[in-house]
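Numbered continuously in the numbering used here, the sequence shown closes out at residue 938.
Here's the structure, in structure tokens; my notes come after.
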Amino acid sequence: MQPSPEQSPHHVYPDHWEADVVLRDGGTARIRPITTDDAERLVSFYEQVSDESKYYRFFAPYPRLSAKDVHRFTHHDYVDRVGLAVTVGGEFIATVRYDRIDATGRPASAPADEAEVAFLVQDAHQGRGVASTLLEHIAAVARERGIRRFAAEVLPANTKMIKVFRDAGYTQQRSFEDGSVHLTLDLEPTAESLAVQRAREQRAEAKSVQRLLAPGSVAVIGAGRTPGGVGRTVLRNLLGAGFTGRVHAVNSALDAGQDTIDGVPAHRSLGEIGEPVDLAVVAVPADRVPEAVADCGEHGVQGLVVLSAGYAEWGAEGRERQRELVRQARSYGMRIIGPNAFGIINNSEEVRLNASLAPERPASGRIGLFTQSGAIGIALLSGLYRRGAGLSTFISAGNRADISGNDFLQYWYDDPDTDVALLYLESLGNPRKFTRLARRTAAVKPVVVVKGARHSGSTPPGHAVPVSRIPDSTVSALMRQAGVIRVDTVTEMVDAGLLLADQPLPAGGRVAILGNSESLGLLTYDVCLAEGLRPRPPIDLTTSATPQDFRDALSAALADGGCDAVIVTAIPWVGENGEAEPGDGEVLATALHTAAATGPAKPVAVVHVEIGGLAEALSAATSTVSQQRPAAQPFTAAQGAPAEPPAPAPGTDTPEEARRIGRIPAYPAAERAVRALAEAVRYARWRRQAAVPGKVPDFLDDTIDAPGAAARIDALLGEALDPRGRPLGHDEARELLACYGIAVRPTLPAPGPEEAVAAAARLGYPVALKTTAPHLRHRADLGGVRLDLDSEAALRRAYGDLTELLGKPAELRPVVQAMAPRGVDTVVRATIDPAAGAVLSFGLAGAPSELLGDTAHRLVPATDRDVAELIRSIRAAPVLFGWRGAAPVDTAALEELLLRISRLVDDHPEVVSIALEPVVVAPQGISVLGASVRLSPPPARTDLGPRRLSNY
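Laid out in structure tokens, this is it:
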């Protein structure tokens, strides 16, 4: 029996509609359903709305709400009548409401699928993107409740509201009736609405980071009265960096009459400051942080850097304290870096902010650095300093309870001061969003990532992350698909970052090697081959080579059209007495700088052994390098990215890069230089390919029955959705896959020899006899498969051998299947991982591939380019293309199968697992011999739907 309206679970307060959001100006707010307890808040809110806004809402003067109005606007059934409010500090700043209506515009219930919607935003908060954010959320709520269209009546003078509807990206119709604009919005998401949503998300989240990195004033809460301590250290670092804004010290225990600390104004509370404070650095014990946060919120602070420890890294009690910290800060519209953070640095000359525990502000440069570890942050800052590298921004986020690496990818995406993004990550709070943002950012600038805590069970304390079932190797493959340069160590990250920040991207993998040591040149040559590069024979300048010889050789190599990059190797000169002479590193550096400046724009790296002053001189950018490089065909943004200014192609550079080309990275070992260059080559190749996105062929649409598949899935799952899902039987899986044009060869059960013979007669000889017992499935090496049985006698003999060797038929569950054409046995899988999303996998069948982990992965949805790369990226790929004289197999048919599987799991998130094993790829065509499918209620998606901040 269906529940009555009073019993319906839909009428229970829908707490999953609650969300923290970032508004256009970077501040936060909370969206939640309106309840019967909100009467006083609603009245107070309405009193602060201007008469003009009230007129726009009600089409008449409406100075105050009646008791009947208040009751109507606070009593909802959360199905046909829904109201949402936006709150800051617990008070309403905006509301939206929909009422389900029928075709005549009268109140209705389901199955009516249209609703009238109306907004009201407090005048003080108009222009912050509140209404557009509310529209996203109320539209998602309406879709959940079976509403497909919104209708709205808007006065023509209310241009702001008309623009909100017009710019949302939904399919809409407009008409002018009875003095008002009548708008109808189709709530089905479109490519345009999703692009609008993500562009707004990027601007808002980037702005929230900018407010932290470029404050006009900073208060250090917890600056000690005496030297020493965390707060006093940050205060000293702020002053030492020459922060361009105003600085205040706050300490509630100041001595009477003490009004300065380290020469800056000191106060007992923020309220005593008497002017706005943009950023607060909190360095007080954890039990005093809530008081400090409340003080900040009540006085309009925009953001917090919480250095205090004692949160999630301390266990369950600390985790709850951390959640409350985030809730409290967001309720006031503030975002947090931390807790347990090391701090932030912004090297812009307009800001010069060092709100961190780093004693010295690093040199200014073009690298953005994000780390989740203070210790790693210190090591990276030190390493970059020794290598002469400069930073644009540095962030050490600690427990990253709020602001994370995703937010900084949003900021760096269009930050003109950052050319390379380096991230040390120990966890991914929202992996799907990370992959999406990284792909978009990598389309315009390199993203280099080191992932710590890579093994299961090693998630760092304090980090709330979804549990992933996929191995780290899969995560690495998916990052590379998104254009991320994934390296294993922080040293490799610095090596790659230096090359990418200061050198143009290579046009290919052809490498010239030159130097004054034949042995070092040969070592470099060998490493190039190991890294997949195409080195040319090393040029030996001999140990007597002078800096002029190096200059001439480098100039010649750069001018050579058959060379894409140059590695210079250098050892100390050997004098006439046979002793090594350290030489003048600055002279050699000048020679190399000059050659690089006057030749075509190609990356140059130096491998040196104990040449004093060379690395330092090479790392110094020369002011004389200012020539403009010839332009080439520019890149465009990668698939799914909003339209942005084009990025330069490999082999060219922007005017800024031309100015900095004099900085040449130096490495103490050939392996490190070549690995950095190899990463640059792979990244440049990805950029070239991303400039022309892959696609899904149109012909698939003609052979796919998505509605039929949806109906089968609904019937198979049934009305009582089991959260554990259910595996499909053989016939059920075949029928579902057939809806997507995937044919699985039939198998017939053979519980006895007579049934096996009858099955073979039905299917036609030759046949295969195989067991389906779980412990023998796909294990031909254990004797559970007999092939090419071309007669009844052969089948009976094989059946007897099988049961005699492995057990009774009831245990073995034998089946008979018609033989497929000979080919290469492969495995195709698709799984839904809670952390990474839908993943498509491919490899060869058999124990060797499993033992070696030779499986490739791509994110779903996959394009034609993705699946082509997928089958070619396994180490055993040559087997598919005619290895050792064998006939090449039909990889085009294999790619089509992969595209069909990708479409199936993308169209139907209830399909949480598919395994096709084996898929025999013959010279002509493919044969799917086995299939297993598992269905489950759709898992929660964190990357779709309206914008919202992650909950921790």
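The C-beta atom is built at its ideal place from N, Cα and C for all residues, glycine as well.
If you check the CB distance, isoleucine 557 and isoleucine 499 do not come in under 8 Å. Lysine 588 carries a coil assignment under DSSP once its states are collapsed to helix, strand and coil.
If you check the CB distance, leucine 915 and arginine 731 come in under 8 Å. DSSP places glutamate 882 in the helix class (H, G or I) of the three-state scheme. If only uninterrupted beta strand (DSSP E) runs of at least 3 residues are considered, those enclosed by the region 693 to 749 are 733 to 735. The C-alpha of isoleucine 330 lies about 11 Å from the C-alpha of glycine 360. Along the length of the region 303 to 369, whole beta strand (DSSP E) runs at least 3 residues long occupy 321 to 323, 329 to 332, 339 to 342 and 350 to 357, reported in chain order. C-alpha of valine 436 to C-alpha of lysine 756: approximately 46 Å in a straight line. Nearest neighbour of phenylalanine 105 by Cα position, chosen from Gly12, Tyr726 and Tyr84, turns out to be Tyr84.
Here tryptophan 869 is exposed: its Cβ has fewer than 16 other Cβ atoms, across all protein chains shown, within 10 Å.
Looking at the DSSP output, aspartate 819 shares a beta bridge with Gly823. Minimum Cα-Cα distance from alanine 666 among the listed residues Trp300, Arg160, Val287 and Pro432 corresponds to Pro432. Using a C-beta cut-off of 8 Å, the region 150 to 157 makes contact with the region 118 to 128, since at least three inter-stretch Cβ pairs fall below that distance. Distances from the alpha-carbon of glutamate 26 to those of Val56, Pro735 and Asp819 put Val56 closest. Alanine 227 places its beta carbon less than 8 Å from that of leucine 339. Secondary structure at glycine 829: strand, using DSSP grouped into helix, strand and coil. CA-CA distance, glycine 202 to aspartate 401, rounds to 19 Å. Excluding five sequence positions before and after cysteine 549, the CB atoms of its chain that fall closer than 6 Å to its own CB belong to Arg496, Ala498 and Ala543, given in chain order.
Contact check for isoleucine 860 and aspartate 840: beta-carbon distance about 5 Å, within the 8 Å limit, so the pair qualifies. Just so you know, the alpha carbons of proline 213 and isoleucine 362 end up roughly 26 Å apart. Under the 8 Å Cβ criterion, the region 385 to 395 counts as touching the region 288 to 304, having at least three qualifying pairs.
Straight through space, the alpha carbons of glutamine 112 and arginine 131 are spaced by roughly 28 Å. When only Cα atoms are considered, threonine 460 and histidine 843 end up about 6 Å apart. Just measuring C-alpha positions, the residue of Thr477, Arg783, Tyr669 and Leu224 sitting nearest tyrosine 653 is Thr477.
Taking one beta carbon from each stretch, the region 501 to 518 and the region 676 to 685 have fewer than 3 pairs nearer than 8 Å; the two do not touch. Nearest Cα to isoleucine 381 within the set Asp273, Val7, Gly257 and Thr357: Thr357. Nearest in C-alpha terms to proline 847, of all of Tyr48, Leu311, Ala816 and Asn416, is Ala816. For threonine 379, there is no enclosing alpha helix (DSSP H); the enclosing beta strand (DSSP E) has its first and last residue at 377 to 382.
Look at aspartate 774 here: in three-state DSSP terms it is strand.
If you look at phenylalanine 685, you'll find it isn't in any alpha helix (DSSP H); DSSP assigns it neither H nor E. Straight across, the Cα-Cα distance linking alanine 278 with glutamate 336 is about 28 Å. A Cβ-Cβ separation of about 6 Å places alanine 908 in contact with valine 875 under the 8 Å criterion. Sixteen is the threshold: since fewer than 16 other Cβ atoms of the shown chains lie within 10 Å of the Cβ of lysine 149, the residue is exposed. The Cβ atoms of arginine 658 and aspartate 852 do not sit closer than 8 Å to each other. Between threonine 758 and glutamine 803, the gap from beta carbon to beta carbon reaches 8 Å or more. Between phenylalanine 45 and the set Arg520, Leu366, Ala143 and Val82, the nearest pair of CA atoms involves Ala143.
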